[in-house]
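Okay, structure first, notes after.
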Amino acid sequence: MDLERNLSSVNTLKKFQLDNKAAVVTGSGQGIGRGIALALADVGANLVINARRESDVAETAQMVRDLGGEAIEVIGDIREIGSETIGDACIDAFGSLDIWVNNVGGTDEKRNRTLLDTPDEIFSSQLDLNLTTAFQGSKAAANRMPEGGCIINISSGAGMRGSAFTGPYAAAKAGMLNMTETFALE
C-alpha cells in the first residue's frame, strides 16, 4: 500500500489542520479505526492508538510516525483497561485530549443466528462492546476535554434499520445513534 499516495488523494481533511491536537481512536489497530487514525495524523494530530493486539497497535503507531505525527500505544481491550485510562494516557503524553473517536466494535462471530436464537450473554456482550464502550468513552472524553473538543461515534447503517442475523449489533448501533443525539442535546 502506497500510504502517502492513498492519503493525499483524500485531501478533504486538509482544510481542517489539527496541528498539536491530541486524538484518541479506539479500535485503531486495523480497518476503519486505522484509517481514521492515519487521516487525523495526516492533518497534524497526535494519536493514541488503542486495540487488543500489540502487533496491530505497533504497526498503526509506526504508520502515524511515518506521516510525521506522534503516537503512543495503549494495548488492550477497552472494556478491561477502561476509557479513563486511555484518556489519562493521552493527557500525560500530549498535554490535552481534543478529539475522541469511539470506533471499537464488531459483530458476533456467528452471523447466522436470529434474535430469537441469540443467547442473552451474546446480546449483552454485543451491547457492551458496541454501545457501552462508546457511552463510557464519551463520558471519559467529555470530562477531560477543553471547550471545543470533539467526540465522534462510529455507528453503522445497521443502526438505522433492522439487520437480519446481526440483531444485537444493529440494536447496539441504533442505541449509539440515539445516545449521540442525546449527548448533543444535553
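Taken in order, the sequence shown gives residues 2 to 187; the numbers are from the numbering used here.
By construction, the Cβ of each residue, glycine as well, lies at the ideal position given by its N, Cα and C atoms.
All of these numbers come straight from a predicted model, not from anything done at the bench.
For residue i, the residue or residues it bridges with in DSSP
i: residue 73; result: 49
i: residue 58; result: Paired residue(s): none; residue 58 is not in a bridge.
i: residue 153; result: 102
i: residue 25; result: 49, 101
Reference residue i, options the options, closest by Cα
i: residue 135; options: 121, 146, 152, 122; result: 152
i: residue 55; options: 41, 111, 78, 36; result: 78
i: residue 62; options: 36, 181, 103; result: 36
i: residue 162; options: 93, 174, 155; result: 174
i: residue 108; options: 156, 139, 137; result: 156
i: residue 110; options: 45, 170, 180; result: 170
i: residue 176; options: 141, 132, 82; result: 132
i: residue 119; options: 94, 172, 158; result: 172
Cβ distance (whole Å) where residue i is taken to contact residue j below 8 Å
i: residue 24; j: residue 102; result: 7 Å
i: residue 27; j: residue 160; result: 17 Å between Cβ atoms; not a contact.
i: residue 44; j: residue 17; result: 6 Å
Test: residue i CB closer than 8 Å to a CB of chain C
i: residue 147; result: Annotation note: the requested chain C is absent from the structure, which comprises a single protein chain.
Hey, is the segment 51–68 in contact with the segment 123–134, meaning 3+ C-beta pairs nearer than 8 Å? Fewer than three beta-carbon pairs drawn from the segment 51–68 and the segment 123–134 are found closer than 8 Å, and the two stretches are therefore not classed as touching.
Count the CB pairs spanning the segment 104–122 and the segment 151–166 that are closer than 8 Å, and state whether there are at least three. The answer is yes - the segment 151–166 touches the segment 104–122, with three or more Cβ pairs under 8 Å.
Please list the segments of the alpha helix (DSSP H) lying wholly inside the segment 97–148, counting only runs of 4 or more residues, in order along the chain. Qualifying alpha helix (DSSP H) stretches, in chain order: 121–128, 134–143.
Could you check whether the segment 90–105 touches the segment 144–163, counting it as contact only if at least three pairs of C-beta atoms, one from each stretch, sit closer than 8 Å? These segments touch.
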